[in-house]
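Undergrad: Counted from 1, the sequence shown has number 431 at position 21 by the numbering used here; the numbering is strictly sequential.
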Amino acid sequence: MKTILFVFMLTISLQAIFAQEKLKCFWSLYQEVHVANNLPPNSSPMTVHCYSGDDELGSHNLAVGEEFNWHFCDHFLARTLFACHLWWDTKQLSFEAYKGTWKKPATSTFHLWAAKSDGIYYNEDKNNQTSLTKIFDWQ
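1. When you compare the CB positions of residue 507 and residue 494, do they come within less than 8 angstroms of one another, or not?
2. List the endpoints of the continuous beta strand (DSSP E) containing residue 520.
3. Taking residue 503 and residue 446 to be in contact with their CB atoms under 8 angstroms, please state how far apart those CB atoms are, rounded to whole angstroms.
4. Could you have a look at residue 544 and say whether DSSP puts it in helix, strand or coil?
5. Roughly how many angstroms lie between the CA atoms of residue 454 and residue 500, to the nearest whole one?
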């Protein structure tokens with residue numbers, strides 16, 4: 411009887427521990443991706459559509475100052491790929507928002523993509539999200 415009770419309590423404890431998303435990533439890194447609308451005030455909304463081979467994250471209309479984000483465990487063989495397509499007025503852009511690779515392990519688990527009027531910027535520093543580097547021009 412004590413053994414059954416012990417196994418039951420252990421099972422409940424482990425479920426509570428692994429219920430936290432970051433701890434589910436046993437063989438890989440927990441990743442966060444954010445797509446932010448940092449366009450000028452009074453700009454029209456920006457539409458964001460992100461997806462992977464396994465996950466359809468849908469289309470989202472973001473007002474200035476809003477963001478869309480998601481998190482996941484990178485595939486243990488680093489095969490995860492998420493792409494996004496952004497539309498703003500007559501401008502648009504498709505890009506790889508996250509691409510895992512076994513050749514170069516992820517140096518960061520935080521990925522911020524910010525749309526500005528002149529293009530798309532990127533940052534991996536969760537503690538300094540104002541330091542952005544321009545990566546793409548709008549098309």
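Where is the CB? At the ideal position from N, CA and C, for every residue including glycine.
What you are looking at is a predicted structure, and each value in this text was computed from that prediction instead of being measured.
TA: In terms of the structure at hand:
1. Closer than 8 angstroms, so yes.
2. Boundaries of the beta strand (DSSP E) around residue 520: 520 to 526.
3. The C-beta separation of residue 503 from residue 446 comes to about 14 angstroms, leaving the pair out of contact by the 8 angstroms criterion.
4. Residue 544 falls in the strand class under three-state DSSP.
5. Cα to Cα, residue 454 sits roughly 11 angstroms from residue 500.
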